[in-house]
Amino acid sequence: MAPELRGLLTRSLAARVAAALAAGGVVVLPTDTIYGFHCAASSAGAVKRIGALKRRASRGGFVLLAADAEMAERIVARWPGGARAILARLWPGPLTALLPARKGLPAALAPRGVVGVRVPGRADLRALVAAVGEPLVSTSVNVSGGRPLARIADIERAFPGLEAYVSGRGRTSRIPSTIIDFTGDAPVLVRRGRIPWRENVSGGLRAPRRREGAGGQSGNPSKRRSR
């Protein structure tokens, strides 16, 4: 595996990070919201490694980042609940869509046949995903149940030995992505986040059945995502 890579996601560094991801590496990248562990979705070993880093006991899936809606088509079987129209307006951006997964996706990425997909708002991150040529697994940099780490220096100390530690400009946001479940007839808010639900998502659609409980958590743990 390549030596550790560090710095801002410049064009030259991005090419080396893309190569590390394609070779099965695990890298830390800034997203629209917080820092995340990332790997190529096809690398079963890297996906397992991320699960070990997070000490995950549950079988909940990870979010998959796509470069664009066309790449998302590779992992999504159907787009029910008005998903196409809503996501055409809100992607790229900090909205994770839960959608029926295409057959063949491993259970680690699509538990119970549902996959979480996002086209990130950051142009440099979309370009990196496109350079790798496949969706990237993305999940918060923390031990499951703990607070996500927000400083790259803290991340390196807590999780040494990864293939790359890419810094973001300025502070990362502590507000997570909005998560919407599109697997039913009408979209359902799973987690409030950076994209307001009422103003941007639910307008013109049937009122969703809220699954949210106290503290903004979903009432259905199987639908939660790390990011």
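Sequence positions in the sequence shown follow my numbering and run 976 to 1202. Even glycine gets a Cβ: it sits at the ideal position worked out from N, Cα and C. Computed from a predicted structure; not experimentally measured.
{"Check": "Buried or exposed: which applies to Lys1078, given that a residue is buried once 16 or more other Cβ atoms fall within 10 Å of its Cβ?", "Outcome": "exposed"}
{"Check": "Assign Asp1156 to one of three DSSP states: helix, strand, or coil.", "Outcome": "strand"}
{"Check": "Here's a check: name, in chain order, each residue in its chain whose Cβ is nearer than 8 Å to the Cβ of Asn1117, leaving out the five neighbours to either side.", "Outcome": "Lys1029, Pro1123, Leu1124"}
{"Check": "Under a three-way DSSP split, which group does Arg986 fall into?", "Outcome": "helix"}
{"Check": "How many Å lie between Pro1162 and Leu1074 at the Cα?", "Outcome": "10 Å"}
{"Check": "List the endpoints of the continuous beta strand (DSSP E) containing Leu1074.", "Outcome": "1070-1075"}
{"Check": "Could you tell me which residues DSSP puts in a beta bridge with Gly1091?", "Outcome": "Val1038, Leu1073"}
{"Check": "Is it right to say Asp1043 is buried, meaning 16 or more other beta carbons lie within 10 angstroms of its own, or is it exposed?", "Outcome": "exposed"}
{"Check": "Taking the beta carbon of Gly1026 as the centre, do at least 16 other beta carbons fall within 10 Å, making it buried, or is it exposed?", "Outcome": "buried"}
{"Check": "Could you tell me if Ser1113 is buried or exposed, where buried requires 16 or more neighbouring beta carbons within 10 angstroms of its beta carbon?", "Outcome": "buried"}
{"Check": "Under a Cβ-count criterion, where at least 16 other Cβ atoms within 10 Å of its own Cβ denotes burial, should Gly1108 be classed as buried or exposed?", "Outcome": "exposed"}
{"Check": "Looking at Ala1076 and Gly1057, is the spacing between their C-beta atoms short of 7 Å?", "Outcome": "no"}
{"Check": "When the Cα atoms are used, what is the spatial distance from Arg1132 to Arg1064?", "Outcome": "39 Å"}
{"Check": "Judging by CA-CA distance, which residue of Val1165, Phe1012, Ser1142, His1013 is the nearest neighbour of Leu988?", "Outcome": "Ser1142"}
{"Check": "Provide the residue span of the alpha helix (DSSP H) that contains Arg1166, from first to last.", "Outcome": "Not the alpha helix (DSSP H): Arg1166 falls in the beta strand (DSSP E), residues 1163-1166."}
{"Check": "Compare the C-beta of Gly1121 against all C-beta atoms of chain C and say whether one is closer than 7 Å.", "Outcome": "Considering every chain present, this structure includes no chain C. It has just one protein chain."}
{"Check": "Is Leu1100 helix, strand or coil when you go by DSSP?", "Outcome": "helix"}
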